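Asks: Take a look at this one; I'll ask things after.
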């Protein structure tokens, strides 16, 4: 059916590569049976009827060939028509808190696409003021699933304040991003008994070194944390990075020539040379602010 949402290039792409073998496969056996019946009634020769059994095999051989041809042709054709992104290193953030906006600004400066989705108007407004692509929408809404364009976006990071929403978002977009590209902040119940924790099979991979929870990142930025880009080399190693910025720095993203941009796993233990790390590190006032907060904290039960 014609749709105004499908432009001329998209219609050409569909016309060139849309599957056509399913109908032939469905009726191939019927044609074979009809030929055999026709031969029994003397309407066709026995020689023709003897070939009826080969129809199904031939049809499926044609289907395999066309699917292979379409598979090889699809990406070059999509690029030629301008329907495919040059790369799929873009990041979709479900949640637009300040730390995410801070790292998104740097990623955009480095040429990466970033999209933010959040239901909080003020957070979306802050992201837009930073010249970032932000939408006031629920990650689990039909609008996001049916209307949003994620062309060139290869990774989803579920980073809302609600752990259950983060897990559901990863499960919901499994078909779009794939298991390896679905990430979420470490949930508060990650160490709980399986009777009280959300099932692991619907969760994404835990991102960012140190396994920070949502509130950990919010608190870190509130105390003056900043996002910095650092190149890890044979001379300046990961150990040197932690020596300079402290062991409580959070590595958020990694970028290397061979693997491109990707989130840092929570259990990251080493970084190969020639890898750029985007990390949340202490600012000038971070350590003093954290010490002040610890001093003013009243122990539970007192």
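In our numbering, the protein residues as written are 19 to 320. Cβ atoms here follow ideal geometry from the backbone N, Cα and C, with glycine treated the same way. Remember, predicted model here, so these are calculated numbers, not experimental data.
What does the alpha-carbon distance come out to for the pair residue 302 and residue 262?
Replies: So the two alpha carbons sit approximately 13 Å from each other.
Asks: Should residue 72 be labelled buried (16 or more other beta-carbon atoms within 10 Å of its own) or exposed?
Replies: Label assigned to residue 72: exposed.
Asks: Between which two residues does the alpha helix (DSSP H) containing residue 121 stretch?
Replies: Residue 121 -> alpha helix (DSSP H) spans 116-127.
Asks: To the nearest angstrom, how far is the alpha carbon of residue 300 from that of residue 238?
Replies: Cα-Cα distance, rounded: 8 Å.
Asks: With a Cβ-Cβ cutoff of 8 Å, do residue 7 and residue 184 count as a contact?
Replies: In the structure as shown, the chain begins at 19 and stops at 320. Residue 7 is therefore absent and cannot be evaluated.
Asks: Just how far apart, CA to CA, sit residue 93 and residue 31?
Replies: Their backbone Cα atoms lie some 10 Å apart in a straight line.
Asks: Tell me whether residue 320 sits in a helix, a strand or coil according to DSSP, three-state version.
Replies: In this predicted model, residue 320 has a pLDDT of only 32, less than 50, meaning its place in the structure is not dependable enough to derive any value.
Asks: Quick check on the DSSP output: the beta strand (DSSP E) that includes residue 295 runs from which residue to which?
Replies: 293-299 is the span of the beta strand (DSSP E), which, as asked, contains residue 295.
Asks: May I ask whether a heavy atom of the ligand HEM can be found less than 7 Å away from the beta carbon of residue 52?
Replies: This structure lacks the ligand HEM; in fact it carries no ligand of any kind.
Asks: Taking contact to mean at least 3 C-beta pairs separated by less than 8 Å, is the segment 188-205 in contact with the segment 242-254?
Replies: Judged by Cβ distances under 8 Å, the segment 188-205 makes no contact with the segment 242-254, as fewer than three pairs qualify.
Asks: So the beta strand (DSSP E) residue 27 belongs to, where does it begin and stop?
Replies: From DSSP, residue 27 is part of no beta strand (DSSP E) but of the alpha helix (DSSP H) over 26-35.
Asks: In the DSSP assignment, the alpha helix (DSSP H) including residue 173 goes from what residue to what residue?
Replies: Premise fails: residue 173 lies in the beta strand (DSSP E), 171-176, not in any alpha helix (DSSP H).
Asks: Taking the straight line between their C-alpha atoms, what separation do you get for residue 107 and residue 159?
Replies: Their backbone Cα atoms lie some 24 Å apart in a straight line.
Asks: Pull up the distance between the alpha-carbon of residue 256 and that of residue 282, whole angstroms please.
Replies: In a straight line, the C-alpha of residue 256 is about 13 Å away from that of residue 282.
Asks: Determine the DSSP secondary structure at residue 157, reduced to helix, strand or coil.
Replies: It is coil, neither helix nor strand.
Asks: If you count every other CB in all the chains shown that lies within 10 Å of the CB of residue 226, and 16 or more means buried, which is it?
Replies: With 16 or more Cβ atoms within 10 Å of its Cβ, residue 226 is classed as buried.
Asks: Do the segment 61-80 and the segment 129-137 touch if we need at least three Cβ pairs shorter than 8 Å?
Replies: These segments do not touch.
Asks: What's the call for residue 40, buried or exposed, on a 16-neighbour Cβ count within 10 Å?
Replies: Per the 10 Å Cβ criterion, exposed.
Asks: Check each candidate in 293, 165, 83 and 298 and name the one with the smallest Cα separation from residue 251.
Replies: Residue 293 is the option with its Cα nearest to residue 251.
Asks: Taking Cβ positions, are residue 235 and residue 199 nearer each other than 8 Å?
Replies: Not closer than 8 Å, so no.
Asks: For residue 202, which of helix, strand or coil comes out of DSSP?
Replies: Three-state DSSP puts residue 202 in a strand.
Asks: Buried or exposed: residue 157, going by 16 or more other Cβ atoms within 10 Å of its Cβ?
Replies: Under this definition residue 157 is a buried residue.
Asks: So the beta strand (DSSP E) residue 274 belongs to, where does it begin and stop?
Replies: Element bounds for residue 274: 268-274.
Asks: Is the Cβ-Cβ distance between residue 151 and residue 139 less than 8 Å?
Replies: Not a contact, by the Cβ cut-off of 8 Å.
Asks: Using CA atoms only, rank isn't needed, just tell me which of 275, 298 and 276 is closest to residue 260.
Replies: When only C-alpha atoms are compared, the closest one is 298.
Asks: Can you look up residue 283 in the DSSP assignment and give me helix, strand or coil?
Replies: The answer is strand: DSSP assigns residue 283 an E or B state.
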